[in-house]
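Each residue of the sequence shown is one higher than the last, beginning at 5 in our numbering.
First the structure, in the form of structure tokens, and then the observations on it.
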Amino acid sequence: MNTLSKYPLALAGLLMMAGCTQMQPNDAIVSLQAATAQMIGLASSDELTVSNVQATSSDGLGGQQLSYTATTVRERVFSRSALMTPGLFTEPPQSVSPHCTPVLVHQ
Numbered sequence: 005m006n007t008l009s010k011y012p013l014a015l016a017g018l019l020m021m022a023g024c025t026q027m028q029p030n031d032a033i034v035s036l037q038a039a040t041a042q043m044i045g046l047a048s049s050d051e052l053t054v055s056n057v058q059a060t061s062s063d064g065l066g067g068q069q070l071s072y073t074a075t076t077v078r079e080r081v082f083s084r085s086a087l088m089t090p091g092l093f094t095e096p097p098q099s100v101s102p103h104c105t106p107v108l109v110h111q
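Right under this line is the structure:
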């Protein structure tokens, strides 16, 4: 009887894990662009280009550290990083702990 009671718990655990959604670095560009535009005070994310998106391997909870370069239409360059956490069930993955550093560009 003890072994039968373990099956519903294992099934519930598998269903919860199946509901997690993970974002690939290339898929994250749109959400990173919107979050960065909001963070640096741009009127629209159309004024920003995101490039060089690099991700670390997933941690135990599925989160990934992303680093990327954001360039505005006025040639301001920012080096940015964020932690992307997976979404559960119908929620999309989210960007948390954003960090933005201006990069000096010599022209």
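Beta carbons are placed, not taken as given, at the ideal position from N, Cα and C, and that holds for glycine.
Quantities reported herein were computed from a predicted structural model and do not represent experimental measurements.
**Request:** Would you kindly work out how many angstroms separate the C-alpha atoms of Ser83 and Asp50, rounded to a whole number?
**Result:** Here residue 83 refers to the residue found at position 79 of the sequence shown. Here residue 50 refers to the residue found at position 46 of the sequence shown. Answer to the nearest angstrom: the Cα atoms are 18 Å apart.
**Asked** Would DSSP call Ser85 helix, strand or coil?
**Response** Taking the sequence shown and counting its residues from 1, one reaches residue 85 at position 81. Strand.
**Request:** Within its chain, find whatever has a CB closer than 6 Å to the CB of Gln98; leave out the 5 residues flanking it on each side and keep chain order.
**Result:** Residue 98 sits at position 94 when you count from the first residue of the sequence shown. Contacts found: Thr89.
**Request:** With DSSP as the reference, label Arg40 as helix, strand or coil.
**Result:** Walking along the sequence shown from the start, residue 40 turns up at place 36. The question names Arg, but residue 40 is Thr in the sequence shown. In the three-state scheme derived from DSSP, where H, G and I count as helix and E and B as strand, Thr40 is classed as helix.
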